[in-house]
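A.B. asks:
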Amino acid sequence: MVNLNGELFSAESDIFTSANRGLKYGDALFETLRCVKGDLFFWEDHYFRLMASMRMLRMEIPMTFTLEFLEAEIKKTISGNQWDDEAVRVRITIFRNDGGLYAPLTNNVSYLIEVGAMASPFYLIQDDGYEVELFRDYYVNKDMLSTLKTTNKILNVVASVYAQENGYTNCLLVNTDKNVVEAINGNLFLIKGNTVKTPPLGDGCLNGIIRKKIMEIVESMEGFQMLEESVSPFELQKADELFITNSIIGIQPISKYRKKQFVNTVSKGLVGKLNAKARMAQTS
Numbered sequence: 001m002v003n004l005n006g007e008l009f010s011a012e013s014d015i016f017t018s019a020n021r022g023l024k025y026g027d028a029l030f031e032t033l034r035c036v037k038g039d040l041f042f043w044e045d046h047y048f049r050l051m052a053s054m055r056m057l058r059m060e061i062p063m064t065f066t067l068e069f070l071e072a073e074i075k076k077t078i079s080g081n082q083w084d085d086e087a088v089r090v091r092i093t094i095f096r097n098d099g100g101l102y103a104p105l106t107n108n109v110s111y112l113i114e115v116g117a118m119a120s121p122f123y124l125i126q127d128d129g130y131e132v133e134l135f136r137d138y139y140v141n142k143d144m145l146s147t148l149k150t151t152n153k154i155l156n157v158v159a160s161v162y163a164q165e166n167g168y169t170n171c172l173l174v175n176t177d178k179n180v181v182e183a184i185n186g187n188l189f190l191i192k193g194n195t196v197k198t199p200p201l202g203d204g205c206l207n208g209i210i211r212k213k214i215m216e217i218v219e220s221m222e223g224f225q226m227l228e229e230s231v232s233p234f235e236l237q238k239a240d241e242l243f244i245t246n247s248i249i250g251i252q253p254i255s256k257y258r259k260k261q262f263v264n265t266v267s268k269g270l271v272g273k274l275n276a277k278a279r280m281a282q283t284s
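Heads up, the sequence shown is in the UniProt record's numbering, so the first residue is 1 and it goes up one at a time.
1. To the nearest angstrom, report how far apart Phe224 and Val218 are at their CA atoms.
2. On the criterion of 16 or more Cβ atoms from any shown chain inside 10 Å, does Met154 qualify as buried, or is it exposed?
3. From the DSSP output, which residues share a beta bridge with Tyr111?
4. Looking only at its chain, what residues have a beta carbon closer than 8 Å to the beta carbon of Val271, apart from the 5 residues adjacent to it on each side?
5. In the structure shown, what three-state DSSP assignment does Val263 receive?
6. Three-state secondary structure (DSSP) at residue 325?
7. From this set, Ala11, Ile78, Phe69, Val231, which residue's C-alpha is nearest Thr176's C-alpha?
8. Going by DSSP, what residue range makes up the alpha helix (DSSP H) through Val231?
9. Which one of Phe30, Glu131, Ala163 has the shortest CA to CA distance from Leu57?
10. Closest by CA to Tyr257, which one among Gly167, Ala52, Thr64?
11. Which residue comes first and which comes last in the beta strand (DSSP E) that contains Phe183?
12. Can you tell which of Glu86, Leu227, Ser267, Gly204 has the C-alpha that lies nearest to the C-alpha of Cys35?
13. Please name the residue in Ile191, Met63, Glu228 whose C-alpha comes closest to that of Gly269.
14. Please check the pair Leu173 and Phe234, which I expect to be a contact at CB under 8 Å, by giving their CB distance rounded to whole angstroms.
15. Which same chain residues end up closer than 6 Å to Glu131 when comparing Cβ atoms and leaving out the 5 residues on each side of it in sequence?
16. What does DSSP give as the partner residues of Gly116 in its beta bridges?
17. Report back the beta-carbon spacing between Asp98 and Thr17 to the nearest angstrom; my notes put them in contact at under 8 Å.
18. Restricting to Cα atoms, I'd like to know which of Glu216, Glu222, Gln164, Leu242 is closest to Glu182.
19. Whole-angstrom Cβ separation of Thr198 and Glu228, contact assumed at under 8 Å?
Here is the structure:
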């Protein structure tokens with residue numbers, strides 16, 4: 001079951017027309033997050049990012065779109081799929097309503113909530129081989145639109161096809177300055193000695209929720225330094241560890257980039273702290 005504007009439909013239902021602006025123009029935003037037995041991981045962070053993104057795209061925010069309302073709609077969708085006691089992946093998509101060409105006829109919006117069962121209620125470290133390569137065919141723009149979770153993800157799609165065709169698990173995206181920005185599906189972190197580094201939002205990386213949480217964790221750790229600075233491709237092979245973050249996987253260590261093999265010692269410690277932070281957020 002999916003939830004369109006508060007009404008539950010079968011996932012196979014014909015609920016959109018050819019006039020849908022998300023389809024025609026990518027005029028939409030989305031959030032993905034975990035929910036475990038009714039607890040939405042870092043929900044306030046996701047909600048406020050969504051509201052800020054809607055304002056940036058000049059979408060009309062309905063008076064009903066409160067934190068509590070959208071949380072209730074997510075839980076209603078989970079209950080409609082009978083997954084109340086499960087670990088669930090949630091995606092909420094906001095799109096401008098039908099009408100117009102590039103210029104919309106209205107700035108009013110609709111919402112779609114989709115859910116799917118997940119294997120584990122906790123973030124886990126995956127020790128399987130995870131090889132990445134740079135994707136240089138197209139570049140991420142250095143602007144604030146690049147930091148939003150919009151449905152304009154054709155660069156990520158083409159990079160994913162490139163990774164599949166060449167036997168890589170993932171690709172790292174670069175911006176117009178040729179600096180490394182992020183992975184296809186999440187933010188990038190490098191560890192060298194006691195320094196943890198991630199690209200700044202000004203370089204065009206996604207304003208990720210787990211990115212924010214990992215930065216908070218590292219800043220609270222004695223003996224480590226957190227840097228938010230541009231990352232040159234030359235730094236990748238000099239790093240001790242590389243890992244990717246997003247709201248579904250948590251932390252995904254990279255095991256290989258070109259001829260360099262990486263360890264995941266610090267990553268394993270961070271995932272435990274991330275799980276603890278998620279539990280604290282649920283009980284607060």
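Note that the Cβ used here is the ideal one computed from N, Cα and C, for glycine as well.
C.D. replies: In terms of the structure at hand:
1. 7 Å
2. Per the sequence shown, residue 154 should be read as Ile rather than Met. Ile154 is exposed by the Cβ-count criterion.
3. Ile94
4. Tyr123, Leu124, Ile125, Gly250, Ile251
5. coil
6. The structure shown has nothing for residue 325, since the chain only spans 1 to 284.
7. Val231
8. Here Val231 belongs to no alpha helix (DSSP H), and DSSP marks it neither H nor E.
9. Phe30
10. Gly167
11. Note that residue 183 is Ala in the sequence shown here, rather than Phe. Segment 180-183, the beta strand (DSSP E) holding Ala183.
12. Glu86
13. Ile191
14. Wrong, their Cβ atoms sit about 16 Å apart, outside the cutoff.
15. Tyr168, Thr169, Lys256
16. Arg89
17. 7 Å
18. Leu242
19. 6 Å
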